[in-house]
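Numbering (UniProt numbering), first residue to last: 1 to 141.
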């Protein structure tokens, strides 16, 4: 998984701006998530759900540490349903486009403790995923 500040070049703005009906969301408190992949050998339904839950918890934890308000992404529409299934409702930014046979959309989703708590509960991730070991919190910035 990759998290990119939207003040820098990123996929939604520089490759897929046509997925947004309006301006591409940008700003110091908005990060783009991309390159989220799970190894094919781990794609059994139960295993996939657990791994996705842990990765997504880590993404939200990191975003909170960076004081982000929102996460944007380009994703297949099936993942929008997965987000909604854990009560984390993304805003779809524009029309669905088919890319290499897969329907994709641009989304924005809030970074908040409610989304993280719902995700932890529904995907059974009771503890923080990120292990932060810094002598000073200032080093994490």
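Don't be surprised by glycine CBs; every beta carbon is placed ideally from N, CA and C. Quick caveat, the model's predicted, so the values are computed rather than measured.
key: Cβ-Cβ distance between residue 119 and residue 58 below 7 Å   = Residue mapping note: residue 119 aligns to position 119 of the chain shown, counting from 1. Residue mapping note: residue 58 aligns to position 58 of the chain shown, counting from 1. Judged by their CB atoms, residue 119 and residue 58 are not nearer to each other than the 7 Å cut-off.
message = Measuring alpha carbon to alpha carbon, tell me which residue in 96, 24, 94 is nearest residue 8.
response = Locating residue 8 in the chain shown gives position 8, where the first residue counts as 1. When only C-alpha atoms are compared, the closest one is 24.
task = Work out the CA separation of residue 75 and residue 12 for me, nearest whole Å.
result = On the chain shown, residue 12 is found 12 positions in, with the first residue counted as 1. On the chain shown, residue 75 is found 75 positions in, with the first residue counted as 1. Distance between the alpha carbons of residue 12 and residue 75 is about 10 Å.
message = Taking 7 Å as the threshold (C-beta atoms), are residue 108 and residue 91 in contact?
response = Counting from one through the chain shown, the residue named residue 91 turns up at place 91. Counting from one through the chain shown, the residue named residue 108 turns up at place 108. One thing to note: residue 91 has its Cβ within 7 Å of the Cβ of residue 108.
message = Within the continuous alpha helix (DSSP H) that includes residue 78, where are the two ends?
response = Here residue 78 is taken as the residue at index 78 of the chain shown, counted from 1. Boundaries of the alpha helix (DSSP H) around residue 78: 77 to 85.
task = Kindly indicate which residue of 86, 102, 103, 99 has the alpha-carbon position closest to the one of residue 124.
result = Mapped onto the chain shown, residue 124 falls at position 124. Comparing Cα-Cα distances from residue 124 to each of 86, 102, 103, 99, the minimum goes to 86.
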